[in-house]
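**Q**
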Amino acid sequence: MAEEWNPKIIAIICNWCSYAGADLAGGARMQYPPDIRAIRVMCTGRIDPLFIMKAFQDGADGVLISGCHFGDCHYLEGNYKAAKRMFLVKNILKNIGLDDKRIRMTFVSASEGAKWAGVVEDVIKTVKELGPSPLKQFEK
Amino acid sequence: MAEKKEARIGVFVCHCGTNIAGSIDVEAVKEYAKTLPNVVHADDYQYVCSTPGQTMIADAIKEHNLTGTVVAACSPRLHEPTFRMATKVGGLNPFRFEMANIREQNSWVHMHDREGATEKAKDSVRIAVAKASLLEDLIPKSVPVEKAAMVVGAGVAGMQAALDLANAGIKTYLIERSPTIGGRMSQLDKTFPTLDCSQCILTPKMVDVGRNTNIELMTYTEVEEVEGYIGNFEITLRKKARGVLSPDEAEAKGIVGGGCNGCGDCVDVCPVIKGNEFEFEMAPRKAVYIYHPQVVPNLYTVDFNTCIKCGLCVEACGDKKAIDLEMVDEFVKVKVGTAILATGYDLFPIENKTEWGYKKYENVITGLEFERLICASGPTGGHLIRPSDGETPKKVAFVLCAGSRDNTGVGKPYCSRFCCMYSLKHAHQIIEKIPGAQPYILYMDIRSFGKMYEEFYYRIQDEGAKFIRGRVANILEDATTKNLHVFAEDTLLQRPIDLEVDLVVLASAVQPTAGADTVRKLFGVSCSQDGWMLEAHPKLNPCGTTTAGVFLAGVCQGPKDIPDTVAQAEGAASAASIPIHRGEVELEPYFAQCVEEKCAGCGMCVNLCPYSALALVEKEGRQVMQVTEAKCKGCGTCGGFCPGGAIRMQHFTTPQIVAQIDAFLLGGEQ
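From first to last, the protein sequence lines are chains A and W. The first sequence begins at 1 in our numbering and counts up by one. The second sequence begins at 141 in our numbering and counts up by one.
(1) Would A/W16 count as contacting chain W if we go by Cβ distances under 8 Å?
(2) Quick check: is the beta carbon of A/S111 nearer than 8 Å to any beta carbon in chain W?
(3) Less than 8 Å between the beta carbons of A/C17 and A/G67, yes or no?
(4) Between W/Q763 and W/C734, what straight-line distance do the alpha-carbon atoms span, to the nearest angstrom?
(5) Which same chain residues end up closer than 7 Å to W/C156 when comparing Cβ atoms and leaving out the 5 residues on each side of it in sequence?
(6) Strictly below 8 Å CB to CB, what residues from chain W border A/D122?
(7) Give a yes or no on whether the C-beta atoms belonging to W/V229 and W/H204 are separated by under 8 Å.
(8) A/L76 versus chain W: which residues are under 7 Å apart at the beta carbon?
(9) Under 7 Å Cβ to Cβ from W/K552, same chain only, skipping five residues before and after it: list those, please.
(10) Determine, for A/F51, whether the minimum Cβ-Cβ distance to residues of chain W falls below 8 Å.
(11) Closer than 7 Å, Cβ to Cβ, to anything on chain W: give me those residues from the stretch 51-66 of chain A, in chain order.
(12) Quick one: using the 10 Å Cβ neighbour count with 16 as the cut-off for buried, is W/S190 buried or exposed?
(13) Is A/F51 helix, strand or coil by DSSP?
(14) Enumerate, from N- to C-terminal direction, the unbroken beta strand (DSSP E) stretches of 3 or more residues contained entirely within the stretch 590-662 of chain W.
(15) Given this structure, state the Cα-to-Cα distance separating W/I801 from W/W248, to the nearest angstrom.
(16) If contacts are defined as beta-carbon pairs under 8 Å, then W/V626 and W/V612 qualify, I think. What distance do you get, rounded to the angstrom?
(17) Grouping DSSP H, G and I as helix and E and B as strand, with all else coil, what is W/H181?
(18) Any contact between the stretch 444-458 of chain W and the stretch 338-348 of chain W? By contact I mean 3 or more CB pairs, one from each, below 8 Å.
(19) What's the C-alpha gap between W/G208 and W/L328?
(20) Where A/A2 and W/L805 are concerned, what is the direct C-alpha to C-alpha distance, given to the nearest angstrom?
(21) Confirm, please, whether the CB-CB distance from W/T320 to W/V384 is below 8 Å.
(22) Give the single residue among W/G350, W/Y730, W/F792, W/A423 whose Cα lies nearest to the Cα of W/C515.
(23) Return the CA-CA distance between W/I637 and W/I615, expressed in angstroms with no decimal places.
(24) State the start and end residues of the unbroken alpha helix (DSSP H) segment that holds W/L342.
(25) Terminal residues of the continuous beta strand (DSSP E) containing W/P424?
(26) Around the C-beta of W/L727, are 16 or more other C-beta atoms found within 10 angstroms, so that it is buried, or is it exposed?
(27) Looking at chain W, is there any beta carbon in it that lies within less than 8 Å of the beta carbon of A/G45?
(28) List, in order along the chain, the chain A residues whose C-beta lies closer than 9 Å to that of W/M765?
(29) Under the DSSP definition of a beta bridge, which residues are partnered with W/Q733?
(30) Say whether chain A places a C-beta atom closer than 8 Å to the C-beta of W/I267.
(31) By the DSSP assignment, the alpha helix (DSSP H) with A/Y80 in it spans what residues?
(32) Does DSSP put W/T195 in a helix, in a strand, or in coil?
(33) Between A/A28, A/G59, A/K54, A/T44, which lies nearest to A/N6 when the distance is taken from Cα to Cα?
(34) Taking only three categories from DSSP, how would you classify W/H250?
(35) Examine chain A for any beta-carbon lying closer than 8 Å to the beta-carbon of W/C772, and answer yes or no.
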């Protein structure tokens, strides 16, 4: 793998827990690598599996979904629904020949800044180990 | 989609002093923004949130005929409302604004990677511009606010909050799960540093609560279910079977002049004896009981877990017919506009720290047990005794940070905040009450941070308490004398000590009360890592939560002493009264909408909705989904599933989110 390669990782995270946790990591100046871009939704329940598939189709090397802990969802149970959809997504990825470690769902609460930093670091490390997404070779 | 007008986006990049500019090349981000599709204007400024910064946005909207704005600055959780307002001042709908978070999630976490941070900021701006290009006008929905409030927990925090709300003219439901109000403070003997008698200052407040016509006091009651949202919470309460009718309840049942008058005749005949929880089981109570003579309301309670239903109490009660041994739990629904949680604390189970021997050695007690033993209304009439033999202890060791500031994984990592001060007070009390008594305070640090607290600390030193700096390693009992050997290192003299004392008082850590977790989840309130309820902002919104209309008071939010608890309760009451006095609140217009042409009427979304906001209706001969906006909270769970893409989540539409994904990964060339 080329030394210079920086993975493209997209994080779709919920407003109430993980986005707030990510903000807290910032407030506490916890340092982590920059290879991740976050999109905010109100709840992970909003995340259509097609969003994730679209990201991989667009050449994402990894996708991180992060919401509230079970039982702590601001909308009662959106994170359960999101978690269930992850099984579907992982299955599809495997079936099309992508390593299912490229998609991860985590649960980071609004008070877990350190956990967020750790999760991001770990996701980046995992994706770097996997290398660039093989779907990239199909790009125009 | 509605936007036929070509998008014209203005981008404003904030330096935030050096907070952003220190790690990100703001100029480069601005210049990059100018190259993005739909961007017709880009600028930067030291502090975009300042008045000139906001004016800059409003002016640019008019000058460049913008259709949307993007501010690259801090987190939208901080300043989204500010910039929405600026966008509105410029003449646009406030929802035509999108924020790129380049501070909390960029400059602050990539402080040593200027290049990486700058590239990330450019991507963030590109993603935000893509969304801003597709944003639409949205109108927030105004809903009326129910002119009533609920306070959960009737310790000093809940009582103060309820009194403030009630005195502001708001009908307030005060819910308490135990049979009486008063909470922890009613168990204390004296309060530091003034040495006020706790009951003397608390009971007038308890009586006020009982008498206030705006307060509907519901003791022995728990929150069962919470529905609705700010302004319109519908809360189901479980009135636990108390076995005893109040005079009002009796009258409602046609028993004239009946109901419990607190005479206590039932207690005399009850054959069941059990430990009184209020006295930490150091005194007995019957199966029909009150905790102490000053309870509010002055009603007895039947403990159905121990009652043998012999019926002697019913006989003794006679014509008052107050006792009903067949009573069952009742469910009551109330509507309130706002709610305050004040569920308080329990002691950490200090027996988990096995090295200190609590529950193993009789003469090791907790600080709260000490309060009861030294209190004139307590089980010993205020004569401090050793539990093993009833003797008066002369040498007493106070172990501070018992389970607090403990990183072993057994105790709690946080400081419980009030144990230093109450232990100093305990030392004072034994010096005052027991001639020749010698208190030893074994501490890590003495935290006397409040008004007149440091002075109190010096006073106790002068009174002769001995202070030993060192954490107690273990405590062993002398099997014959039942005296205790406290082993520690005196870290100032740097030598190990073996201190023989008559009594050990553990200043046990505190933790959220049992059941607090259930209550907070019902109200959708998060908790911090240590389990305390999470405030909306630690500095600027310490009473609020992320659930609009729900506020926090007292120790449920984190350990605090009585003055801080009362102050927060008053703050929470004030905050909770604002929406009620305004009369209406605006809800963020993130509702689901059904695109009927695409809807196949499968009904999957109807089952997914946690709020029953969706239903299938018959339209033009087929089934389509319909949204009840008042019930929809905008989570988007339906929209994340709909196989036909027939659900539009306003402000988080599929095209908007896909545009963000594409903008990041395809470079915005779409």
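Even glycine gets a Cβ: it sits at the ideal position worked out from N, Cα and C.
**A** Walking through what the data contain:
(1) As a working note, residue 16 of chain A is residue 16 in the first sequence. For A/W16, the answer is yes, since a Cβ of chain W falls inside 8 Å of its Cβ.
(2) By 1-based counting over the first sequence, the position of residue 111 of chain A is 111. Yes, A/S111 counts as interfacial toward chain W.
(3) Within the first sequence, residue 17 of chain A is the residue found at index 17, counting from 1. Within the first sequence, residue 67 of chain A is the residue found at index 67, counting from 1. Going by C-beta atoms, A/C17 is nearer than 8 Å to A/G67.
(4) For the purposes of this step, residue 763 of chain W is taken as the residue at position 623 of the second sequence. For the purposes of this step, residue 734 of chain W is taken as the residue at position 594 of the second sequence. Between W/Q763 and W/C734, the C-alpha separation is close to 12 Å.
(5) In the second sequence, the residue the question calls residue 156 of chain W occupies position 16. Once the five neighbours on either side are set aside, the close Cβ partners of W/C156 are Y187, A213, C214, R243.
(6) Along the first sequence, one-based indexing puts residue 122 of chain A at 122. Neighbours of A/D122 on chain W: none; closest Cβ ~15 Å, over 8 Å.
(7) Position 89 of the second sequence, counted from the first residue, corresponds to residue 229 of chain W. Position 64 of the second sequence, counted from the first residue, corresponds to residue 204 of chain W. No.
(8) The residue you call residue 76 of chain A lines up with position 76 of the first sequence. Simply P750.
(9) As a first step, residue 552 of chain W must be located in the second sequence, where it is residue number 412. Same-chain partners within the cutoff: F488, G543, S544, D546, A649, Q651, D670.
(10) For the purposes of this step, residue 51 of chain A is taken as residue 51 along the first sequence, with counting starting at 1. Yes, because at least one Cβ of chain W sits closer than 8 Å to the Cβ of A/F51.
(11) F51, K54, A55, D58, G59, A60
(12) Here residue 190 of chain W refers to the residue found at position 50 of the second sequence. Exposed.
(13) Along the first sequence, read from residue 1 onward, the residue named residue 51 of chain A stands at position 51. Looking at A/F51 - three-state DSSP - the assignment turns out to be helix.
(14) Residue ranges of uninterrupted beta strand (DSSP E) with 3 or more members, entirely inside the stretch 590-662 of chain W and ordered along the chain, are 606-609, 612-617, 624-630, 635-641, 643-648, 650-652.
(15) Numbered from 1 along the second sequence, position 661 holds the residue referred to as residue 801 of chain W. Numbered from 1 along the second sequence, position 108 holds the residue referred to as residue 248 of chain W. Their backbone Cα atoms lie some 24 Å apart in a straight line.
(16) For the purposes of this step, residue 626 of chain W is identified with residue 486 of the second sequence, where counting begins at 1. For the purposes of this step, residue 612 of chain W is identified with residue 472 of the second sequence, where counting begins at 1. Indeed they touch by this definition, with Cβ atoms about 6 Å apart.
(17) As a position in the second sequence, residue 181 of chain W is number 41, starting the count at 1. Three-state result, W/H181: strand.
(18) no
(19) The residue you call residue 208 of chain W lines up with position 68 of the second sequence. The residue you call residue 328 of chain W lines up with position 188 of the second sequence. Annotation: W/G208 to W/L328 spans about 59 Å, alpha carbon to alpha carbon.
(20) Within the first sequence, numbered from 1, the residue matching residue 2 of chain A stands at position 2. Within the second sequence, numbered from 1, the residue matching residue 805 of chain W stands at position 665. Its pLDDT being 48, under 50, A/A2 is placed unreliably in this model, and the value from its coordinates should be taken loosely. Approximately 20 Å, taken between the alpha carbons.
(21) The residue labelled residue 384 of chain W in the question sits at position 244 within the second sequence. The residue labelled residue 320 of chain W in the question sits at position 180 within the second sequence. Not a contact, by the Cβ cut-off of 8 Å.
(22) As a first step, residue 515 of chain W must be located in the second sequence, where it is residue number 375. Of the candidates W/G350, W/Y730, W/F792, W/A423, the one whose C-alpha sits nearest the C-alpha of W/C515 is W/A423.
(23) One-based indexing of the second sequence puts residue 637 of chain W at position 497. One-based indexing of the second sequence puts residue 615 of chain W at position 475. Roughly 12 Å between the two C-alpha positions.
(24) Taking the second sequence and counting its residues from 1, one reaches residue 342 of chain W at position 202. Where W/L342 is concerned, the enclosing alpha helix (DSSP H) stretches over 338-351.
(25) Your numbering for residue 424 of chain W matches position 284 in the second sequence. Start and end: 424-426.
(26) Here residue 727 of chain W refers to the residue found at position 587 when the second sequence is read from its first residue. With 16 or more other Cβ atoms within 10 Å, it is buried.
(27) Translated into positions along the first sequence, residue 45 of chain A becomes position 45. It does; some Cβ of chain W falls within 8 Å.
(28) As a position in the second sequence, residue 765 of chain W is number 625, starting the count at 1. None at all; the shortest Cβ gap to chain A is about 16 Å.
(29) Numbered from its first residue, the second sequence carries residue 733 of chain W at position 593. W/R788.
(30) The residue you call residue 267 of chain W lines up with position 127 of the second sequence. Answer yes: the Cβ-Cβ gap between W/I267 and chain A drops below 8 Å somewhere.
(31) Walking along the first sequence from the start, residue 80 of chain A turns up at place 80. First-last of the alpha helix (DSSP H) with A/Y80: 78-95.
(32) Start at 1 with the first residue of the second sequence, and residue 195 of chain W comes out as number 55. Looking at W/T195 - three-state DSSP - the assignment turns out to be helix.
(33) Here residue 6 of chain A refers to the residue found at position 6 when the first sequence is read from its first residue. Selected option, being the one with the closest Cα: A/G59.
(34) Position 110 of the second sequence holds residue 250 of chain W. In this structure, W/H250 counts as coil in the three-state DSSP scheme.
(35) As a first step, residue 772 of chain W must be located in the second sequence, where it is residue number 632. Closer than 8 Å: no.
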